[in-house]
Amino acid sequence: MLAKYYTKMCDLFPKFRKSSRKQMYQLMASGYQKRDWTFMNYGYAPDNATADLVLQAEDEINRTCIQLYHYVAGAVELRGLKLLEVGSGRGGGADYIKRYLNPASVVGVDYSDNAVNLCLEHYRVEGLSFVPGDAENLPFDDQSFDIVLNVESSHCYGSMVDFLAQVKRVLKPGGYFMFADFRNLEQLDELEEQLKQSGMVLLTHENITPNVIKALDADHGRRFANIQRGVPKMLHKLLREFAGNKDTWIYKGFQTGEIVYQNFLLQNI
Ligand SMILES: C[S@@+](CC[C@H](N)C(=O)[O-])C[C@H]1O[C@@H](n2cnc3c(N)ncnc32)[C@H](O)[C@@H]1O
0 MLAKYYTKMC DLFPKFRKSS RKQMYQLMAS GYQKRDWTFM NYGYAPDNAT
50 ADLVLQAEDE INRTCIQLYH YVAGAVELRG LKLLEVGSGR GGGADYIKRY
100 LNPASVVGVD YSDNAVNLCL EHYRVEGLSF VPGDAENLPF DDQSFDIVLN
150 VESSHCYGSM VDFLAQVKRV LKPGGYFMFA DFRNLEQLDE LEEQLKQSGM
200 VLLTHENITP NVIKALDADH GRRFANIQRG VPKMLHKLLR EFAGNKDTWI
250 YKGFQTGEIV YQNFLLQNI
């Protein structure tokens, strides 16, 4: 009930959405600094169970979250390219992409200074860096990246239109924008229109909600146990909502179709 009310407030007041989410991510990064929490997305499970991604043993624990990155970023061969991840959070996705998909460099940017500081402490990977910055005012030169990647972050932004203008600005001509996130059903048309008006070409667009539900089902136990073990009891309900556990408003929204998780690929011209 509280989660639904908060989301309604966020829908009505974009500035409130942006600042309240920022406080939440700042608090989470300062309140839990251990290296064992590196992803903050709902994950992806492929339709075909035999299409399993081969991971190193230490990455298995984050399989579903990694699979989301692998699926979204797998749209284009990344070898040798310069990639920017906007909303890189605790850095697990940027780190995975740099280690497994061999781009020349990966820069993660996030408006939570605390999350960026965690990443700077945790990762020592050549060609992987993290900087603080706002998706709606990116601290990079024009045409400086081949790829912009954005995973489950844009629902927090004050203005999607401003963000898309920044993506277009920092991408080289011909560069790709890989984008995955969820929206309420009634916001889908607006989002598609914003993407079409962005000055980039919409190449592919799909609903991956069933794959996200499948991932949340597979990962339910781990997420539930982490919350029980890692945070004070008074925060359990709130964090279960954030984690997309089975009894939550967001999980039920995915199931009923009221909340839809989509994956897009766009190309700059
Ligand atoms: C749900 S988390 C996802 C993090 C990461 N992409 C992942 O999948 O693990 C959303 C992230 O977007 C970041 N974010 C939200 N609004 C932002 C903004 N305006 N500029 C930059 N980062 C932002 C948050 O700080 C948070 O780290």
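Numbering that gives the first Met the number 0 puts the first residue of the sequence shown at 0, with every later residue one more than the last.
Ideal Cβ placement from N, Cα and C applies to all residues, glycine included.
- Taking the Cβ atoms as the reference, M199 lies roughly 5 Å from N267, within the contact range of under 8 Å.
- For C9, the shortest C-beta to heavy atom distance toward ligand 1 is 8 Å or greater.
- Cβ atoms of L163 and S111 stay farther apart than 8 Å, at about 21 Å.
- As computed with DSSP, V106 is found in a beta bridge with L83 and S128.
- F139 sits in coil when the DSSP states are folded into three classes, being neither helix nor strand.
- Assigned with DSSP and collapsed to three states, D133 falls in strand.
- Remark: the shortest separation between the CB of L119 and any heavy atom of ligand 1 does not fall under 8 Å.
- Annotated three-state conformation of M199 is strand, per DSSP.
- Nearest to L194 by C-alpha distance, out of G173, A224, V160 and N225, is V160.
- Contact check for R182 against I258 passes: the beta carbons are separated by less than 9 Å.
- Residue ranges of uninterrupted alpha helix (DSSP H) with 4 or more members, entirely inside the region 171–226 and ordered along the chain, are 187–195.
- Rounded to the nearest whole angstrom, the C-alpha separation of R16 and N149 is 18 Å.
- Take H219, set aside five residues on each side of it, and the residues of its chain with a beta-carbon closer than 8 Å to its own are N244 and K245, in chain order.
- Put simply, the backbone Cα of V108 is about 17 Å away from that of L26.
- Look at K251: its beta carbon is at least 8 Å from all of the heavy atoms in ligand 1.
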